[in-house]
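Contents: one structure, followed by commentary.
Numbering (my numbering), first residue to last: 1 to 555.
And the structure:
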């Protein structure tokens with residue numbers, strides 16, 4: 001069962017290096033059997049700060065299959081919130097450890113990125129230290145933006161068929177590249193490793209072990225490269241400190257992600273009777289979703305005795321029936337004291353069905369471990385082809401999710417009936433549909449990424465052949481990957497080539513921010529809503545053939 005802590009909207013796995021390596025073994029076994037790609041991120045303060053301004057990166061980190069604490073600020077932050085990570089699991093330590101594991105178990109590794117010659121040297125050094133390690137390939141492409149990178153890079157990785165792909169493009173480019181092509185390359189494990197190859201080769205020196213142990217490796221690196229790192233560290237620590245202070249203050253007020261019991265030491269309440277077993281509602285006369293009550297710790301019952309009453313796993317829910325969705329009711333606090341009971345029950349229900357509704361109407365508080373559990377459950381549901389829906393969410397929980405930047409991550413509905421209706425709806429293929437005034441409109445899905453881009457683009461291109469005036473309605477879309485942005489450019493060029501026009505309508509603030517990061521707002525026609533977009537057809541747009549785009553902040 002995956003254990004996550006949420007720090008400034010970024011879930012971090014609570015595990016040791018050995019546990020991380022064991023998880024990698026599982027990923028490779030699954031990937032070899034199914035072709036699924038698992039994305040691993042080693043998260044430091046720079047990642048977190050970048051994600052605060054980059055909705056695409058934030059979503060990638062939230063949906064990653066494993067995110068380890070690479071930087072000490074995350075370890076310190078977790079402690080200040082009342083949790084305790086066992087320590088850092090850095091990319092610089094994980095890569096050599098994975099090389100040893102690869103030599104032992106016959107895994108192959110592809111080294112991608114870094115400057116010319118650095119990746120090859122790193123591969124040779126690791127192979128020298130670990131005889132038997134298989135090198136699937138080495139490639140250091142010239143620096144370009146994600147949307148401008150040569151297709152041959154993807155083809156080379158696909159042809160090599162490695163078990164592990166190490167990508168050294170720097171953050172956030174490496175994370176976005178992995179997400180962009182994960183569905184296509186089908187490599188069991190992809191890890192963004194930043195400057196790890198430079199450390200292995202010796203271009204960048206690592207701090208002595210005792211400096212690493214006391215959490216001052218960042219200071220050692222700053223002393224090595226003051227000109228390059230001083231400005232970045234000042235920026236990162238400033239932003240990280242400011243936003244973390246807001247989260248910490250919310251914790252102190254009892255409205256955000258505290259992980260400490262809230263019992264005053266001088267007034268410890270008496271132990272309540274043992275918590276009742278999970279109650280499964282009796283089946284009604286007509287088929288309906290089974291429900292299960294998970295008794296979170298009430299705010300007045302957080303004594304050690306009350307907590308102990310919840311330590312034993314409770315009975316599982318009744319099996320689901322056809323055309324129904326199981327429902328879990330949360331009551332009171334869900335925090336570090338009782339989240340494991342909740343996680344066990346929810347995972348048991350996911351074993352029966354990939355769909356789950358969580359009724360939040362009586363929930364009063366979620367801490368970082370509880371939020372991490374919800375993130376893990378949502379990611380499991382999506383991986384299994386299902387969904388996790390949160391319903392009847394009270395205002396204080398909505399505020400909490402907004403504070404930690406998770407408000408768009410979860411699918412939220414007003415009640416269970418609305419979520420059940422969503423499930424019963426037959427998935428409608430995204431297809432351009434003609435309107436009265438001559439425009440074609442296509443309603444885009446909630447997530448626009450590599451899993452659905454090919455089908456949508458093919459349908460749009462077919463529609464442009466008959467009507468080159470196309471409006472893409474993003475009113476329900478909360479996430480667009482770099483692959484989605486590349487698709488928009490492709491469709492825009494196709495419409496212009498037919499003397500038509502593409503208009504992008506009804507984008508959320510996060511979506512607009514994503515487009516502006518790579519200057520697409522200067523290229524695409526972005527309008528407030530579909531009504532504005534379809535008011536009247538436009539004349540042919542100027543030709544943009546040969547246009548090259550350099551996303552802001554790319555390395």
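Just so it is clear, CB atoms sit at the ideal spot from N, CA and C, and this is done for glycine as well.
Contact set for residue i: own chain, Cβ-Cβ below 6 Å, skip 5 residues either direction
{"i": "residue 59", "result": "479"}
{"i": "residue 72", "result": "215"}
{"i": "residue 482", "result": "146, 176 and 180"}
{"i": "residue 92", "result": "196 and 199"}
{"i": "residue 515", "result": "521"}
{"i": "residue 409", "result": "62"}
{"i": "residue 117", "result": "none"}
{"i": "residue 3", "result": "14"}
Neighbourhood of residue i by C-beta, 8 Å cutoff - its chain only, sequence neighbours within 5 removed
{"i": "residue 182", "result": "37, 39, 190 and 450"}
{"i": "residue 167", "result": "112, 113, 174, 177, 178, 190, 191, 192 and 193"}
{"i": "residue 224", "result": "204 and 205"}
{"i": "residue 25", "result": "101 and 105"}
{"i": "residue 459", "result": "429, 430, 431, 432 and 442"}
{"i": "residue 158", "result": "184, 185 and 186"}
{"i": "residue 160", "result": "108, 110, 136 and 137"}
Buried versus exposed, by CB contacts within 10 Å (16 or more), residue i
{"i": "residue 18", "result": "exposed"}
{"i": "residue 247", "result": "buried"}
{"i": "residue 505", "result": "buried"}
{"i": "residue 338", "result": "buried"}
{"i": "residue 534", "result": "buried"}
{"i": "residue 421", "result": "exposed"}
{"i": "residue 346", "result": "buried"}
{"i": "residue 454", "result": "exposed"}
{"i": "residue 522", "result": "exposed"}
{"i": "residue 188", "result": "buried"}
{"i": "residue 351", "result": "exposed"}
{"i": "residue 42", "result": "buried"}
{"i": "residue 529", "result": "exposed"}
{"i": "residue 70", "result": "buried"}
{"i": "residue 547", "result": "Legend: pLDDT at residue 547 = 47, less than 50; position of this residue unreliable, value from coordinates given subsequently. Answer is exposed; the Cβ neighbour count stays below 16."}
{"i": "residue 392", "result": "buried"}
{"i": "residue 466", "result": "exposed"}
Nearest neighbour of residue i, chosen from the options [CA to CA]
{"i": "residue 67", "options": "23, 110 and 28", "result": "23"}
{"i": "residue 356", "options": "134, 27, 527 and 415", "result": "415"}
{"i": "residue 325", "options": "2, 525, 417 and 186", "result": "417"}
{"i": "residue 13", "options": "223, 55 and 63", "result": "63"}
{"i": "residue 564", "options": "368, 387 and 327", "result": "With the chain represented from 1 up to 555, any question about residue 564 goes unanswered, as that position is not in the structure."}
{"i": "residue 456", "options": "488, 340 and 120", "result": "488"}
{"i": "residue 527", "options": "519, 503 and 514", "result": "503"}
{"i": "residue 245", "options": "28, 403 and 485", "result": "403"}
{"i": "residue 151", "options": "486, 162 and 525", "result": "486"}
{"i": "residue 1", "options": "119, 524, 377 and 155", "result": "377"}
{"i": "residue 464", "options": "484, 491 and 452", "result": "491"}
{"i": "residue 76", "options": "5, 401, 329 and 439", "result": "5"}
Alpha helix (DSSP H) segment containing residue i, residue limits
{"i": "residue 370", "result": "368 to 383"}
{"i": "residue 441", "result": "Looking at the DSSP string, residue 441 is not in any alpha helix (DSSP H); the run it does join, the beta strand (DSSP E), is 440 to 443."}
{"i": "residue 19", "result": "17 to 34"}
{"i": "residue 623", "result": "Past the boundaries of the shown model lies residue 623; the chain is included only from 1 to 555, so the question cannot be answered."}
{"i": "residue 455", "result": "453 to 466"}
{"i": "residue 174", "result": "173 to 185"}
{"i": "residue 146", "result": "Here residue 146 belongs to no alpha helix (DSSP H), and DSSP marks it neither H nor E."}
{"i": "residue 217", "result": "217 to 224"}
{"i": "residue 12", "result": "No alpha helix (DSSP H) holds residue 12; the beta strand (DSSP E) holding it covers 10 to 13."}
{"i": "residue 532", "result": "530 to 533"}
Cβ shell of residue i (< 7 Å), same chain only, five flanking positions each side left out
{"i": "residue 211", "result": "217 and 220"}
{"i": "residue 511", "result": "474, 477 and 480"}
{"i": "residue 122", "result": "111, 197, 200 and 201"}
{"i": "residue 172", "result": "50, 54 and 57"}
{"i": "residue 236", "result": "45, 46 and 49"}
Limits of the unbroken beta strand (DSSP E) element including residue i
{"i": "residue 108", "result": "108 to 113"}
{"i": "residue 511", "result": "From DSSP, residue 511 is part of no beta strand (DSSP E) but of the alpha helix (DSSP H) over 509 to 517."}
{"i": "residue 134", "result": "134 to 139"}
{"i": "residue 503", "result": "501 to 505"}
{"i": "residue 527", "result": "525 to 527"}
{"i": "residue 66", "result": "66 to 69"}
{"i": "residue 396", "result": "No beta strand (DSSP E) holds residue 396; the alpha helix (DSSP H) holding it covers 395 to 403."}
{"i": "residue 74", "result": "Premise fails: residue 74 lies in the alpha helix (DSSP H), 72 to 80, not in any beta strand (DSSP E)."}
{"i": "residue 41", "result": "38 to 43"}
Any non-hydrogen atom of the ligand FAD within 7 Å of residue i CB
{"i": "residue 433", "result": "Of the ligands one can find in the structure shown there are none, so the ligand FAD has no counterpart to examine."}
task: Mind the definition here: the region 199 to 215 touches the region 172 to 181 only if three or more C-beta pairs lie below 8 Å; say whether that holds.
output: no
query: Per the contact definition of three or more C-beta pairs closer than 8 Å, is the region 18 to 35 in contact with the region 374 to 389?
result: With the cut-off at 8 Å, the region 374 to 389 and the region 18 to 35 do not touch.
- request: Take every Cβ of the region 439 to 449, pair it with every Cβ of the region 462 to 481, and state whether three or more of those distances are shorter than 8 Å.
  value: yes
- request: Taking 8 Å as the threshold, find out whether the region 97 to 109 comes into contact with the region 126 to 133 through three or more Cβ pairs.
  value: yes
- prompt: Counting Cβ pairs, one atom from each stretch, are 3 or more of them under 8 Å apart for the region 131 to 143 and the region 75 to 91?
  reply: no
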